[in-house]
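*Asks:* Starting off with a structure, shown below.
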Amino acid sequence: YRRGLIGNVSHELRTPITALQAVLENVVDGVAEPDPATMRMALAQTERLGELVTNLLDLSRIEGGAIPLQISRFEVDEFLRDAVEHATVAAADVTVSVRVSPPGLHAVADPARLRQVVVNLVDNAIRHSPPGGRVTVLAAAAGTSGLRLEVCDEGPGIPPAERERV
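Residues in the sequence shown are numbered from 94 upward in steps of one, following the working numbering.
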């Protein structure tokens with residue numbers, strides 16, 4: 094289990110590090126100008142690194158029982174659109190849409206923890222979508238008090254042998 098976790102964390106950290114390094118190398122080499130757009134891209138990758146490290150620390154604290162959940166009621170459509178916006182910084186060629194049923198649906202959960210999950214799922218869906226692909230985030234009421242969230246993409250999917258591990 095620990096070896097798999099280390100591999101996943103390494104992969105998740107490597108992506109923004111590689112993107113940030115490429116941006117900075119281009120500026121240092123004179124290929125790109127340190128204009129606002131370039132600096133925003135570098136900042137976005139740095140923010141992504143910070144989020145990943147925070148998620149890792151939170152996971153460690155949760156496993157140790159040190160983080161109590163902060164439950165609140167929130168509007169699902171607004172929550173998902175905000176989460177999608179944070180996941181789509183570098184997704185110019187992938188369209189992400191949000192559908193909530195019924196409109197005005199509310200949820201009761203820890204929005205910060207749930208946001209981490211949604212951002213990671215959407216980020217992975219974007220990363221594995223073909224250019225020009227679509228990612229759809231669906232939310233629906235489940236039963237009398239549940240919430241069902243789905244993130245669908247047009248990527249290759251998880252190989253059957255890996256599905257149990259995921």
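Glycine included, every Cβ here is placed at the ideal spot set by N, Cα and C.
Report the CB separation of Val-297 from Leu-173 in whole angstroms; it is logged as a contact under 8 Å.
*Replies:* No answer is possible for residue 297: it lies beyond the span of the chain, which begins at 94 and ends at 259.
*Asks:* Taking the continuous alpha helix (DSSP H) assigned at Leu-173, which residues delimit it?
*Replies:* Per DSSP, Leu-173 belongs to the alpha helix (DSSP H) from 169–180.
*Asks:* How is the alpha helix (DSSP H) around Val-212 delimited, first residue to last?
*Replies:* 204–220 is the extent of the alpha helix (DSSP H) around Val-212.
*Asks:* Is Phe-167 closer than 8 Å to Pro-204 when the C-beta atoms are compared?
*Replies:* Taking 8 Å as the Cβ cut-off, Pro-204 and Phe-167 qualify as a contacting pair.
*Asks:* Spell out the partners DSSP gives Thr-188 in its beta bridges.
*Replies:* DSSP output for Thr-188 lists Arg-227 as bridge partner(s).
*Asks:* For Gly-248, which residues from the same chain have a beta carbon less than 6 Å from its beta carbon, with the 5 sequence-adjacent residues on both sides left out?
*Replies:* Correct list, in chain order: His-221, Ser-222.
*Asks:* Is the Cβ-Cβ distance between Leu-145 and Leu-106 less than 8 Å?
*Replies:* For Leu-145 and Leu-106, yes; Cβs fall inside 8 Å.
*Asks:* By DSSP's criteria, Val-124 is part of a beta bridge. Which residues make up the other side?
*Replies:* None, per the DSSP bridge assignment.
*Asks:* Whole-angstrom Cβ separation of Val-244 and Leu-214, contact assumed at under 8 Å?
*Replies:* Right, their Cβ atoms sit about 4 Å apart.
*Asks:* Looking only at DSSP bridge pairs, what is Glu-144 linked to?
*Replies:* Note: Glu-144 sits in no beta bridge, so no partner.
*Asks:* Determine the direct distance from the alpha carbon of Ala-125 to that of Gly-250, and round the result to whole angstroms.
*Replies:* If you take the alpha carbons of Gly-250 and Ala-125, they lie about 35 Å apart.
*Asks:* How about Leu-198 and Ala-232: are their beta carbons less than 8 Å apart?
*Replies:* In contact: Leu-198 and Ala-232 (Cβ atoms closer than 8 Å).
*Asks:* Count the other CB atoms, across all protein chains shown, that sit within 10 Å of the CB of Pro-224; report buried if there are 16 or more and exposed otherwise.
*Replies:* Exposed: under 16 other Cβ atoms inside 10 Å.
*Asks:* So, at 6 Å on beta carbons, what are the nonlocal neighbours of Val-241 in its own chain, with the 5 sequence-adjacent residues on each side left out?
*Replies:* The residue you asked about is not Val; residue 241 is Arg in the sequence shown. Excluding residues within five positions, the ones whose Cβ falls inside 6 Å are Ala-233, Ala-235.
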